[in-house]
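S.K.:
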Amino acid sequence: MPHQTFWKPPKEEKSKKTSSLGRGRKEKKLLPEWKQNLFSDHTPGKSSADRAEFPPKVIKELIAEADGQCQHCKTAPDTTTHHVWPRGRGHNRGRGVKTNGLRLCGPCHDMIQTNEGLLQEWITIYREKYGDYFWYDEQDWEEHNRKLAAQEQAERERDERMRQIEPVADLVASAAGRPLRAKELRLIESFDTKALQVFTGMVTDALNGYAAAGHYRPTDRFED
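One point on numbering: in the UniProt record's numbering, the residue at position 146 of the sequence shown is 146, and numbering is uninterrupted.
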């Protein structure tokens, strides 16, 4: 029997699927050319290990100041630059800055590295000479000053908050005829500025109304 070809309906092009919200899949946006090259010239900051290394310029200055002599024994020639504050001591890592460098001979360097007493002795000398955090580099100082500024700002805000709360606490304590309890102080402290103003006005109006009616005396006690 000869092969027969049956008619087939033309194939319809399927529409793109949409999400459950009825929106089609978004096409990937191409970045503008100016954004593609935005960070092409960017170089990342130094790593912690890099910041611990003494730059050649610093070493050269320390060598000149040491005048070829170990700064500990004062007899042997200086051959190495020692980190007075060690580069791997906790989260405070000694940096490769001039104020943290000490020119030593090999034996003195090994001795100080392994003797905590001598290590602390030189740390004390440098702290007196250069001040606290003598091992900080520029980035450390920026972070330190930023944290210090944030701490000072928080203290100013806390002091301002206490100036707002104290008159209200004194008013309520005077009306109650006794010091406020801890939970009562915490309640007042929990009010924001607007709520504190409303509460103060409410207590003041209540006391004024009570006094105007001739019922309030400073020795009156309010029952809890």
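The beta carbon of each residue, even a glycine, is placed where N, CA and C say it ideally should be.
Which ranges does the alpha helix (DSSP H) cover as unbroken runs of at least 4 residues, wholly within the stretch 132-158, from first to last along the chain?
M.R.: Listed in chain order, nothing qualifies, since the stretch 132-158 has no complete alpha helix (DSSP H) run of 4 or more residues.
S.K.: Using C-beta distances below 7 Å, list every residue in its chain close to Cys105, excluding the 5 sequence neighbours before and after it, in chain order.
M.R.: Cys70, Cys73, Ala76, Pro77, Asp78, Thr79.
S.K.: Helix, strand or coil for Gly101, going by three-state DSSP, please let me know.
M.R.: Strand, per DSSP.
S.K.: If I follow the unbroken beta strand (DSSP E) through His82, where does it start and stop?
M.R.: First-last of the beta strand (DSSP E) with His82: 80-83.
S.K.: Taking the alpha-carbon positions, what's the Glu155 to Leu196 distance?
M.R.: Whole-angstrom Cα-Cα distance: 20 Å.
S.K.: From which residue to which residue does the alpha helix (DSSP H) around Thr200 run?
M.R.: Residues 193-212.
S.K.: Are there 16 or more other CB atoms within 10 angstroms of the CB of Phe39, so buried, or fewer, so exposed?
M.R.: Confidence in Phe39 is poor, its pLDDT being 41 and thus under 50, which makes the residue's placement unreliable; the coordinate value appears in the next sentence. By the 10 Å Cβ count, Phe39 comes out exposed.
S.K.: Roughly how many angstroms lie between the CA atoms of Lys194 and Ile188, to the nearest whole one?
M.R.: Each residue's Cα considered, the two are about 12 Å apart.
S.K.: Cβ of Tyr130 within 8 Å of Cβ of Thr99?
M.R.: Going by C-beta atoms, Tyr130 is nearer than 8 Å to Thr99.
S.K.: Per DSSP, what kind of secondary structure is Cys108 in: helix, strand or coil?
M.R.: Three-state DSSP puts Cys108 in a helix.
S.K.: From the DSSP output, in three-state form, read off Glu53 for me.
M.R.: Three-state result, Glu53: coil.
S.K.: Pair every Cβ in the stretch 55-67 with every Cβ in the stretch 138-155, then say whether three or more of these pairs are closer than 8 Å.
M.R.: They do not touch, by the three-pair rule.
S.K.: Please report the Cβ distance between Val203 and Val172, rounded to the nearest whole angstrom; I am assuming they are in contact, meaning their Cβ atoms lie under 8 Å.
M.R.: 6 Å between Cβ atoms; contact.
S.K.: Where Ala66 and Gly101 are concerned, what is the direct C-alpha to C-alpha distance, given to the nearest angstrom?
M.R.: Cα to Cα, Ala66 sits roughly 11 Å from Gly101.
S.K.: Arg51 and Gly96 look like a contact to me (Cβ under 8 Å); what is the Cβ gap, rounded to whole Å?
M.R.: That belief holds up - the Cβ atoms of Arg51 and Gly96 are roughly 7 Å apart, short of 8 Å.
S.K.: Using a Cβ-Cβ cutoff of less than 6 Å, which residues in the same chain neighbour Ala175 once the five nearest sequence positions on both sides are dropped?
M.R.: Closer than 6 Å at Cβ, skipping near neighbours: Leu207.
S.K.: The alpha helix (DSSP H) spanning Lys183 covers which residue range?
M.R.: Taken as a continuous stretch (DSSP letters only), the alpha helix (DSSP H) holding Lys183 covers 182-190.
S.K.: Please classify Trp34: is it buried, with 16 or more other beta-carbons within 10 angstroms of its beta-carbon, or exposed?
M.R.: In this predicted model, Trp34 has a pLDDT of only 40, less than 50, meaning its place in the structure is not dependable enough to derive any value.
S.K.: How should Gly68 be labelled, buried or exposed, when 16 other C-beta atoms within 10 angstroms of its C-beta is the threshold for buried?
M.R.: Its Cβ having fewer than 16 others within 10 Å, Gly68 is exposed.
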